[in-house]
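The sequence shown finishes on residue 97 if you use our numbering, and the numbering steps up by one all the way, no holes. What follows is one structure encoded as C-alpha cells, with my remarks underneath.
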Amino acid sequence: MANIKSAKKRIGVIEKKTALNRVRRSQIKTAIKRFDEAVAAGNKEDAMEKFQSAQKKIYQVASKGTIHKNAASRKVSKLASKLNTINA
C-alpha cells in the first residue's frame, strides 16, 4: 500500500478508470453479441441496425482510449464481412 499522498490518489484514479474501461469493453462485447445473434437469425434489416449500433459503440470506445483505433477498425471490419455474407 502506498504511503505518499499523490500515490494514494493515483491508485484511486486508476481504480475508477479501470472500472470505466471494464464497462466500456463489456458494452462492446454485448453489441457484437447482439449483432451475431441477428446474423445467425438471418434477419438482414435487424443485422444492419445492430451493425450500425455496434460500429458506433466500438468507435466511441476507441475515441476514449479504452481500445486502440486499429483494434476498433479490425473489429468493425470483421463485423462488416459477416454482414456481407448475409447480404450476398
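No residue lacks a Cβ here, since even glycine has one placed at the ideal position from N, Cα and C.
{"query": "Pick out the complete alpha helix (DSSP H) segments inside the region 10-85, 4 residues or longer, and give them in chain order.", "result": "14-50 and 53-72"}
{"query": "Under a Cβ-count criterion, where at least 16 other Cβ atoms within 10 Å of its own Cβ denotes burial, should R34 be classed as buried or exposed?", "result": "exposed"}
{"query": "Would you mind sorting V22 into buried or exposed? The rule is 16 or more other CB atoms within 10 Å of its CB.", "result": "exposed"}
{"query": "For L29 and T75, what's the separation of their Cα atoms in angstroms?", "result": "9 Å"}
{"query": "Hey, I41 and A63 are a contact pair by Cβ (cut 8 Å); roughly how many whole angstroms apart?", "result": "6 Å"}
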